[in-house]
Amino acid sequence: MLTRELSPQHRELASEIVRFTRRSAKRYKRSRTSWGDLFVDAYSWALGIGVSLTIAASFVLALRNEIAQRASTANSIIRAQWLVLPEAVLWTSVTFAVLLVIGNLARKLGPMTVNGAESTWWLTLPVDRRPMVLPPFARKVALTAAGSGVIYLPFSMVTAVDRAPMEHVFASLTFGAAGAIAVAMAGIQQLALLGPRLGKAIATAALLACSVLPAMPSSPWPAALVGVAAVALFAVVAPRAGQVKGDELVRGGAVAGHAGASLFMMDSNEVLRALGGNRKRVDGGRAASFYAQPARGPLWALIRADAVAFLRLNPPLTPPILWLAACNAILLVEGGLPEFAQLAVIVIAGCATASGLGSVARKTALVPELDALLPLHPALVRTSRTLMPCLAMAVWMAVLSGLLVLLGAANPWLIGVGALAGVGMGAGTLRAATRTPPDWTAPPVETPFGPVPRAQLGSLMRGLDVTVLAMVPLLLALYLGYVPASLVIIQAVLSAGIFLVVVLTRPKRI
Numbered sequence: 001m002l003t004r005e006l007s008p009q010h011r012e013l014a015s016e017i018v019r020f021t022r023r024s025a026k027r028y029k030r031s032r033t034s035w036g037d038l039f040v041d042a043y044s045w046a047l048g049i050g051v052s053l054t055i056a057a058s059f060v061l062a063l064r065n066e067i068a069q070r071a072s073t074a075n076s077i078i079r080a081q082w083l084v085l086p087e088a089v090l091w092t093s094v095t096f097a098v099l100l101v102i103g104n105l106a107r108k109l110g111p112m113t114v115n116g117a118e119s120t121w122w123l124t125l126p127v128d129r130r131p132m133v134l135p136p137f138a139r140k141v142a143l144t145a146a147g148s149g150v151i152y153l154p155f156s157m158v159t160a161v162d163r164a165p166m167e168h169v170f171a172s173l174t175f176g177a178a179g180a181i182a183v184a185m186a187g188i189q190q191l192a193l194l195g196p197r198l199g200k201a202i203a204t205a206a207l208l209a210c211s212v213l214p215a216m217p218s219s220p221w222p223a224a225l226v227g228v229a230a231v232a233l234f235a236v237v238a239p240r241a242g243q244v245k246g247d248e249l250v251r252g253g254a255v256a257g258h259a260g261a262s263l264f265m266m267d268s269n270e271v272l273r274a275l276g277g278n279r280k281r282v283d284g285g286r287a288a289s290f291y292a293q294p295a296r297g298p299l300w301a302l303i304r305a306d307a308v309a310f311l312r313l314n315p316p317l318t319p320p321i322l323w324l325a326a327c328n329a330i331l332l333v334e335g336g337l338p339e340f341a342q343l344a345v346i347v348i349a350g351c352a353t354a355s356g357l358g359s360v361a362r363k364t365a366l367v368p369e370l371d372a373l374l375p376l377h378p379a380l381v382r383t384s385r386t387l388m389p390c391l392a393m394a395v396w397m398a399v400l401s402g403l404l405v406l407l408g409a410a411n412p413w414l415i416g417v418g419a420l421a422g423v424g425m426g427a428g429t430l431r432a433a434t435r436t437p438p439d440w441t442a443p444p445v446e447t448p449f450g451p452v453p454r455a456q457l458g459s460l461m462r463g464l465d466v467t468v469l470a471m472v473p474l475l476l477a478l479y480l481g482y483v484p485a486s487l488v489i490i491q492a493v494l495s496a497g498i499f500l501v502v503v504l505t506r507p508k509r510i
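In the working numbering, the protein residues as written are 1 to 510.
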């Protein structure tokens with residue numbers, strides 16, 4: 001069988017099968033689409049993208065000018081910096097983190113995959129699989145390289161205002177090639193050419209080296225070096241593309257299809273379920289002693305079950321720690337960033353951390369009928385679902401606030417304000433998990449950006465709204481530089497109100 005799969009005849013047969021499938025799919029799509037619809041869609045997309053790019057370019061230029069004219073610590077929420085982090089270290093760390101995200105996403109999504117229809121009959125044929133999986137893999141590498149380079153260009157313009165235009169181009173080309181290396185390394189891990197731990201270690205080391213090179217754009221040699229490395233890695237993966245196991249191809253295709261459909265339907269809960277669904281490690285040791293305690297009534301039994309589920313799902317500790325480091329690093333950067341940029345990073349970190357702690361709520365929200373069978377009031381059931389995210393977010397926000405106090409951002413009362421804000425943010429995870437699916441029967445609203453699905457965006461923002469609202473008093477305290485006594489009361493009332501609204505509101509179902 002292996003000898004026949006590697007023969008030229010079977011490779012040509014596989015290519016013919018792929019071409020036939022592509023032609024049939026294109027013919028089917030053309031039969032269901034008119035030229036008028038295509039023109040309207042193209043015009044709407046072009047208008048929306050053009051306006052969005054214009055506004056984004058204006059924002060990037062304004063931020064670039066403000067950073068270029070800033071004083072050392074004149075516009076920072078830290079009034080006196082006792083520790084300074086060089087800008088090059090911070091931006092290199094950000095570049096490395098983005099490359100790690102690209103590599104992890106590529107590994108979760110494949111990068112070599114087949115969809116459901118292809119896995120039904122392609123994988124069962126005794127032919128070479130390389131013509132089936134190599135062209136999509138090559139497109140992924142090329143699109144990742146192009147997208148990474150385009151995205152890095154404004155980042156380079158904002159973070160390195162003293163560079164010449166060609167240096168920005170060289171830095172973008174270097175980062176684009178680094179993105180291609182991240183996808184190629186994911187392909188090597190998928191082929192199992194290296195052990196799991198060794199493969200991760202080598203990929204991390206390679207991406208770390210690639211993250212340093214965009215900071216040296218004075219000559220085209222870094223871009224050429226990374227480009228040659230990307231081509232070499234692709235040359236290693238391409239001849240072996242047909243050796244990927246069938247179950248791995250199906251797994252990557254299922255995850256990619258689930259995530260892509262969820263993005264198209266603007267359902268962030270399903271996106272998180274798709275990306276986190278392949279985590280196989282479940283630890284019972286963390287919750288064994290707690291689970292062994294006797295239950296005292298149905299409410300305590302439910303609270304214990306939710307706590308055990310929260311611990312057994314192994315909430316990843318690395319992302320919250322990295323977000324803590326990012327919040328503090330952005331305050332210590334040499335020269336000081338604008339206040340609104342520092343506060344925006346804190347808001348993004350809080351929302352991302354809160355979203356990562358809502359895995360139990362998202363899983364239980366899939367079958368709400370089971371909650372209806374419990375001998376408890378629905379409000380008590382939702383309270384039990386919210387306790388662990390609220391506790392975890394209160395601890396995380398207290399740690400963040402404590403670090404900000406050590407840096408001199410405000411007085412120690414900020415720790416209490418942060419812990420109270422974490423309660424409201426934890427409640428937002430349940431609100432986000434039980435959001436209604438987007439109502440696609442509601443027509444979009446015409447705006448200068450093109451048609452905007454207002455009803456769908458409203459559903460997407462559910463949960464995120466109260467998470468940001470719970471952080472407003474904390475952000476105000478950071479802006480003022482101290483914590484008034486009235487602000488502590490306001491934060492306590494606001495967090496309690498958010499918690500009560502979330503647990504007392506019945507989620508709507510379509």
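Every residue gets a Cβ at the ideal spot worked out from N, C-alpha and C, and that includes glycine.
Return the Cβ separation of residue i and residue j in integer angstroms, given the expectation that the two are a contact with Cβ distance under 8 angstroms.
i	j	result
V60	V158	6 angstroms
A186	P111	5 angstroms
A354	G426	7 angstroms
T383	V503	5 angstroms
V525	I330	Absent from the structure is residue 525, since the part of the chain shown begins at 1 and ends at 510.
I188	V236	7 angstroms
S218	E167	6 angstroms
L123	V114	7 angstroms
Q456	M216	Not really, about 44 angstroms apart at Cβ, beyond 8 angstroms.
A392	L357	5 angstroms
L249	S119	7 angstroms
V333	L90	5 angstroms
Ends of the alpha helix (DSSP H) at residue i?
i	result
P473	V472 to L480
A139	Before going on, a small fix: residue 139 reads as Arg here, not Ala. From DSSP, the alpha helix (DSSP H) with R139 extends over R130 to T159.
D371	P368 to A372
S218	Premise fails: S218 is in no alpha helix (DSSP H) and is neither H nor E.
K363	S359 to T364
D162	First-last for D162: undefined, no H or E at that position.
G246	G246 to F264
V483	Element bounds for V483: n/a, residue is neither H nor E.
T441	Premise fails: T441 is in no alpha helix (DSSP H) and is neither H nor E.
L123	Unbroken run through L123: none, as it is neither H nor E.
A352	E339 to G356
M397	P378 to L406
L299	P298 to R312
S76	From DSSP, S76 is part of no alpha helix (DSSP H); its letter is neither H nor E.
N269	S268 to G276
L430	W413 to A433
S211	P196 to V212
May I ask you to list the residues that DSSP assigns as paired with residue i?
i	result
L85	V333
Indicate whether residue i and residue j have their beta-carbon atoms separated by less than 8 angstroms.
i	j	result
G103	A42	no
S495	G408	no
S148	F175	yes
Y482	N411	yes
M388	A307	yes
M397	A419	yes
A485	A421	no
L487	V417	yes
L400	C327	yes
S268	L105	no
A238	L109	no
L233	L302	no
P172	L198	Just to set this straight, residue 172 is Ser in the shown sequence, not Pro. Result no, Cβ atoms of S172 and L198 do not sit closer than 8 angstroms.
P453	P444	yes
A184	A230	yes
V472	C351	no
Pairs of beta-carbons, one from the region 238-245 and one from the region 122-137, closer than 8 angstroms: are there three or more? Judged by Cβ distances under 8 angstroms, the region 238-245 makes contact with the region 122-137, as three or more pairs qualify.
Can you find at least 3 beta carbon pairs, one from the region 425-438 and one from the region 454-472, that sit closer than 8 angstroms? yes
Quick test of the definition: if touching needs 3 or more C-beta pairs under 8 angstroms, does the region 188-206 touch the region 139-146? no
Taking contact to mean 3 or more Cβ pairs, one atom from each stretch, closer than 8 angstroms, check whether the region 257-269 and the region 209-229 are in contact. no
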